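Numbered as in our numbering, the sequence shown ends at 265 without a single skipped number.
Even glycine gets a Cβ: it sits at the ideal position worked out from N, Cα and C.
Bear in mind the structure is a predicted one, so any value in this text is a computation, not a measurement.
In what follows, a single structure is set out as structure tokens and then discussed.
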Amino acid sequence: MASKPQVSIVIPNYNEEQNIKRGVLDQVASYLSKAKFTYEVIISDDGSSDSSLDLALAFARKHPHFRVLKNPHGGKAAAVYAGIKAAQGEVVLFTDMDQSTPLKEIEKLLPWYDRGYQVVFGSRGKARKNFPWYRQLTSWGFRFVRQIFLLRDVTDTQCGFKSFKTKVAQQIFPKLEIINKAGTTKGWVVSAFDVELLFLAEKFGYKLKEVDVSWRDEDVATNKSKNFFKESTDMLKQILRVKLNDLKGVYN
């Protein structure tokens with residue numbers, strides 16, 4: 014690219030073969046072809062074991078504003094961080110491959126940067142389409158406990174649609190405990206890194222804005238964990254660890 018893009022879009026990829034085959038990258042490219050901002054798309058692969066890396070590479074070869082990063086499997090946070098380190102835009106957004114929040118929702122986020130915000134992130138609201146009752150229940154429990162300890166004014170920390178001034182993201186991510194302890198791992202990795210990420214952004218004095226976005230569960234990948242109770246329990250433990258780290262001065 015001749016000049017730096019205005020927006021960098023990071024899409025983490027871990028075994029997203031089914032989602033890619035149903036055309037999510039075509040949807041992204043179609044929207045961006047009409048966007049009023051310049052952009053780059055960074056598909057950050059998390060050591061996928063299916064054909065999704067090959068599919069992403071083939072797609073990027075045909076779309077010059079797309080590129081693919083190959084990373085060892087370390088979990089979503091590590092894949093997102095790899096993409097953010099490589100981002101060249103003034104603003105960086107990370108969004109899930111399944112496009113449960115369609116990329117066009119970025120239009121609701123970007124105007125807030127002109128108002129002085131440095132972190133602008135999506136919120137799914139209470140009515141979540143195609144969301145099973147048991148996930149609604151665990152989501153409610155997670156939010157209830159999380160707001161007791163951290164980010165009381167934030168409704169939804171787990172929506173996979175978050176943007177930052179790129180320099181801000183590049184300053185915060187290295188502080189994440191999950192990044193500092195990351196290594197190669199096996200299987201689907203569940204984490205509450207979004208909570209730690211937003212908590213640190215708030216702690217370091219950055220201006221945060223939560224914005225309602227459209228969301229519908231569109232994930233068709235079949236090789237991800239489906240033990241939502243265990244996932245929620247693990248994430249709650251991580252919330253408590255973030256709180257403990259803060260009390261111990263780990264983030265100072």
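By the C-beta criterion, the stretch 202-215 is judged not to be in contact with the stretch 110-124, since fewer than 3 inter-stretch pairs fall below 8 angstroms.
Judged by DSSP in its simplified three-state form, residue 108 adopts strand. The continuous beta strand (DSSP E) containing residue 225 extends over residues 221-225.
Looking at the DSSP output, residue 52 sits in a beta bridge with 20. For residue 93, there is no enclosing beta strand (DSSP E); the residue is part of the alpha helix (DSSP H) that begins and ends at 89-99. Contact check for residue 63 against residue 28 passes: the beta carbons are separated by less than 8 angstroms.
Where residue 43 is concerned, the enclosing alpha helix (DSSP H) starts and stops at 37-45. If you compare the alpha carbons of 86, 94, 35 with that of residue 24, the shortest gap goes to 94. Only residues of its own chain outside the window of five on either side were considered, and among them 129, 130, 131, 132 have a CB closer than 8 angstroms to the CB of residue 220, listed in chain order. Here residue 159 carries a helix assignment [DSSP, helix/strand/coil].
Residue range 79-84 is occupied by the beta strand (DSSP E) that includes residue 80.
DSSP places residue 136 within a strand segment (E or B) once states are collapsed to three. Comparing alpha carbon positions, the residue from 155, 43, 105 closest to residue 247 is 155.
When the beta-carbon positions are compared, residue 179 and residue 100 come within less than 8 angstroms of each other.
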